[in-house]
Amino acid sequence: MRTKFFTLFCIVLVAGLLAACAIPPATPLPGEATEASAPTEKPTEEATDAPTVEAAPEPVELSILWWGSDKRHEITQQVLNMYTAENPHVTFAPEYSSWSDYWTVSNTKAAGGELPCIMQQDYAYLNEWTSRELLMSLNEFIDSGTLDMSDVPADFLAGGTIDGNVYAIPLGVNAQAFIIEKNVFGEAGLDIPQPDWTWDDFEVLAGEIKDKTGIWAQGADLPAEAMWKSLYLAYGEWAFNEDGTALGYENDEPLIAYMKMIKRLQEIGALPTAEEGTEYSGAGPEASPLVLGKAAMDYRWSNQVVAVVNAAGKGREFVLVPLPRPVDGKQPSVYIKPASFFAITSTCKAPEEAARFISYFTNSLEANEVLAAERGVPIAAQVRDGLKEKMDPVTGMTFDFIALVQEDASPLPPPDPAGWGDIRTNVWTPIFVDPVLYGQITIEEGVKVLRREADAILAQNKR
Amino acid sequence: MSATISTSTGKTSVFRQPTNKQIKGWLQTLAYHLSVAGLGFMMLYPLFWMIASSLKPQAEIWTTVSSLIPSSIHFENYLNGWKGFGGNSFTVFYKNSFIFAGVGTLFTVVSSTIVAYAFGRVKFFGKEILFSLMLMTMMLPNQVLIIPQYIIFHKLGWINTFLPLLVPRLGGGAFFIFMIVQFIRGIPRDLDEAAMIDGAGRSRIFFSVILPQLTPALVTSAIFSFYWTWDDFMDPLIYLNKPQLYTVSLALRSFADESGGSDWGAIFAMLTLSLIPVFLIFVFFQRYLVEGISTTGLKG
Amino acid sequence: MSKIAIDAASRGNTATSTMSKKRRSKNSATDNLTGFLFVSPWLICFLVFTAIPMVISLWLAFTDYDLLGSWSFVGLDNFKRMFFVDKRYMSSIVATLKYVVIAVPLRLAFALAVAMLLNNYRRGITLYRAAYYAPSVVGGSIAVAVMWRQIFGTQGAINALLAIVGIQGPSWFGNPATAIWTLIIMAAWQFGSPMLIFLAGLRQIPKELYEAAAIDGANGWHSFWRVTFPLLTPIIFFNLIMQTIHGLRAFTQAFIITEGRPLDSTLFYALYLYQRAFVTFHMGYASAMAWVLLLVIGLVTAINFKLSSLWVHYETSEV
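Residue numbers (our numbering), protein chains in the order written: chain G, 142 to 604; chain Z, 126 to 425; chain H, 103 to 421.
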């Protein structure tokens, strides 16, 4: 509603100025004015038109937007071509960019009321987008079978579900992992940790790695916001409360204990110091201390092991191990997370066709052979099983890892609340992690600041 | 530091060396070349690094990140990179970039010169206010203008065309207008006045008196405008929403993703290639900064 | 100041003022028309493509517009929050000012020095100019980010050089006191654009003035202060204004290399503004930040213009 008023305001201003100045473009002004008022009525028209679309196989063009690297662009385009070959009445208008540009461009499109039909979505922003009614509930299509989710475990769908409505279909799943360099462990005579290891085990192991190899036990990313959430998940809690209006835990002790462990390990040189850590944070999997041979393990999402192996080169072996859990924790720290989603936007003119395509994307073994689990391990059981043997060993490793985690994982927590981007950008690193690790404030002061600031942001969701 | 520099410049470019001090002159030349070339190598380090990375095998780019010498030469990075992605090769991206940067530069330089002449030489009502407004446009961060501008172009139906990128350049660029104004103001008025007494009108003065004097400024504008346009990815990102319309700079951005899995060898290869047009433009135009054109018609 | 330059200037000025006075009385209407005609391309594009978005962003500065939909009018809340509550905002001001105050003069000094060094007809000069311009061309690409991290890394090239003279180099990126220096040095290193402008400016200085100065017995240093500097002042002034604006709006380097870390010591104003606008959905707040920046840059530029009459020498007297 407000967006429309906003665009209208712009149009009136443009039109007014054009008229006032009487400059050359003023001639098409009348036509422009009628054209300008038309879009405001369009959505309602289409809403009534929508059901008729499904009956007639009229040619439709689906616009689709995703982020990723060159490889993803290539294989996704191939699948679009395959789909058009099978369904000649559906063509695509694809658009893609890197992650860092993706949100600039999609936010601009959202503000301009010009979103593509299908867009890739992220767990962290899903709530932000649905709360503004930019995405469409897919329940209707799942019920009618257009969007066939019968082969997908309910757990996997939960990640895209808000208040009983499925807004987004996962394109693959991954889980947090420690990527471990086998050779380094072997040379030092250390055992690969068991899947149910604890943070205490980790601390002992880290000390041994430091003693025996002289390199860091871990890269720089342990103080990550995802770890904060996993930490409380292990206690059966979550960083946020159910309606996302405040932090979801009372006891700050687990976080304090975790940060203290990091500081202890930094002191003995088993972890990069705050200063060294800053050098490597956000460098991406390819330039991580693990790849550079400066650390024995690295904390990553499981699908990133492919990038690590490619960058590290031949003769180096890696293995995936689930996150450690707190000694007194109730359940694992690790959970299976949708790596990314496809969602249908509320301005989509052919949602039925869009849903049919997403269904194909999820269930077609042929398509997923091309996609090669690049967006994470596929969610449909048959696809996953059919694909497994055909994968290269490294990607196969991520399949095995997901299977392993699935046996003993915590249930998937709800999508991050609106304001999560704000907390991550303006609170977690700049006023909690950095000041604590650089010794500007104590850990105890830090967790108080974190609670106060995060609560203030989340409180805005109460409206 | 600046003392020695100005001395050498003064001696070499302005004063004739006496012949009996020729040896000293040679030594100075040698010292000049040694120091300039040495410093130049440091300046060029990033280019060498990038070219080296573009030739390395995939697994070596990050593990031997500080080495300038690849263990084996991999030209296939260039071939792989050129293929592009999603069915569009770099042939397409280069074509788009040449349209954007070529036409954009032409528009910018021509318009900026015309507008600058008015600001620099003509006395007209409201000039100060307009000039301040123009400077103001350079002071507001673009980030807050993106969305309103997108909506305007969207309503004009210009999304997915080059119009939103090129039409605004018909108004020149504030930076270039200001720069050319400064150069115009450095041109002695005597010349205008003389021409005016001869009965020349505004446009004749502009074309026959001012324009020839402005060559260095226009050359500089062309070099910058081309590079900045070539390098700009934000406008193409917002307005060119079809991969077959992507420019080189946008394609390079879309190539690499933070989550990993990019073909870095190909990225560095394409990055290296993308600098070639910018360099060619520079080398072509900077000749006009060597040949002294501006001294004609001036008596010191 | 140079006698020659002043002579030239005063000649120009007197001629100008008498002439233009005469003309102005005669055909100022024609001048108005010509002026607007020549300015019209810019004016039209400004009104259509820039003025409206600017007005909208000013209006948004008083709302809590969140980019994806809703907004409501919040009065001065954004500004209050900025000045009295938001600690990161203050960090961004500190980082930006530090950067501008150090990097701008450094970059201009480098640019002018090298421009003078390269303002001759020696063999290979094209190659040298290309070499010195090169760093500015690689600009803000991802390659530069990777390379810069490597050069300033704890085991990087800079610290290797320092180790030769026995200095234990810091963790440049990791230390809040040194992180901003990596960006300052980068700015100084990418001096290509002001250098080229200086080079063009030096081209415009008539050689006869140097010859006349030489006859007066001026050596290199003197001729710099008597001829080069005064005649180059409009260009120095332009570069100073533009580099200051550019510095206050600096974004790319911090965005791709440091992301504001550590401890917000490299959080440039424009980077924080971008985060607010596109990462945390506070477009209203970002618009307010943008207009505060505009006021500050406007003020700095106005002061620069006022002070310019003290040292900038124009061939023509009118603005």
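Backbone N, C-alpha and C fix where the C-beta goes; we use that ideal spot for every residue, glycine too.
For Z:Y275, the neighbours in chain G by C-beta distance under 9 Å run, in chain order, T249, K250, A252, G253, E255. About 5 Å separates the beta carbon of H:P143 from that of Z:G296, a gap short enough to meet the 8 Å contact definition. G:W270 reaches chain H at L170, counting residues in chain order whose Cβ is nearer than 8 Å. Within chain H, the residues placing a beta-carbon under 7 Å from that of Z:V161 are L219, Y230, ordered along the chain.
For G:F282, the closest of G:L267, G:N444, G:F381, G:Y308 by C-alpha to C-alpha distance is G:Y308. Straight-line spacing of the CA atoms in G:L545 and H:I260 works out to 46 Å. Z:I302 and H:V239 have their C-alpha atoms spaced approximately 22 Å apart. Spatial neighbours of H:Y234 in its own chain (CB-CB distance under 6 Å, excluding positions within 5 residues in sequence) are listed in chain order as V216. G:E199 counts as exposed, since fewer than 16 other beta carbons sit within 10 angstroms of its beta carbon.
Ranked by Cα distance from Z:D357, the first of Z:L291, Z:F331, Z:A320, Z:I309 is Z:L291.
Among the CB atoms of chain Z, none fall inside 8 Å of the CB of G:V577. Chain H has a Cβ within less than 8 Å of the Cβ of G:E417.
H:A302 places its beta carbon less than 8 Å from that of Z:A342. Listed along chain H are F380, each with a C-beta nearer than 8 Å to that of G:T245.
Here H:G349 is near H:A205, since their CB atoms are less than 8 Å apart.
In the displayed model, H:T346 falls within a helix according to three-state DSSP. Here G:I320 is not near G:F483, since their CB atoms are 8 Å or more apart. Pairing Z:I271 with Z:T372, the inter-Cα distance amounts to about 19 Å. For G:V468, the secondary structure class from DSSP, reduced to helix, strand or coil, is coil. Contacts between G:H214 and chain Z, judged by CB atoms closer than 8 Å, involve F210, G211, P368, S379 in chain order. Counting only unbroken stretches of 4 or more residues, the alpha helix (DSSP H) elements lying wholly within the stretch 243–283 of chain G are 267–271, in sequence order.
Chain order gives the chain Z residues near H:T136 as A243, V247, F249, R327, where near means a beta carbon separation below 8 Å. Taken atom to atom, the span from the alpha-carbon of H:S325 to that of G:W569 is near 58 Å.
Neighbours of G:G410 in chain Z, taken as residues at a C-beta separation under 7 Å, are lacking, since the least C-beta distance is about 23 Å.
In this structure, the beta-carbon distance from Z:R294 to Z:G227 does not fall below 8 Å.
With a minimum length of 4 residues, the unbroken runs of alpha helix (DSSP H) contained wholly in the stretch 258–320 of chain Z fall at 271–280, 288–291, 299–310. Annotation: Cβ neighbours of Z:L265 in chain H (cutoff 8 Å, chain order): M156, S159, A392, W393, L395, L396. Within the stretch 438–449 of chain G, those residues whose Cβ lies closer than 7 Å to any Cβ of chain Z are, in chain order, Q445, V447, A448. Rounded to whole angstroms, G:E427 and G:S210 show a C-alpha spacing of 13 Å. Taking 4 residues as the minimum length, the alpha helix (DSSP H) runs contained wholly in the stretch 225–279 of chain H are 227–240, 244–253, 259–266, in order along the chain. For the stretch 359–375 of chain H, the beta-carbon criterion of a distance under 8 Å to any beta-carbon of chain G is satisfied by E361, G362, R363, P364, L365, D366, L369. In this model, H:F254 and H:T284 are separated by some 7 Å (Cα to Cα). Going by DSSP, G:T232 is part of the beta strand (DSSP E) stretching over 231–238. The beta carbon of G:L275 sits closer than 8 Å to some beta carbon of chain H. In terms of beta-carbon proximity, Z:V403 lines the interface with chain H, with at least one pair separated by less than 8 Å.
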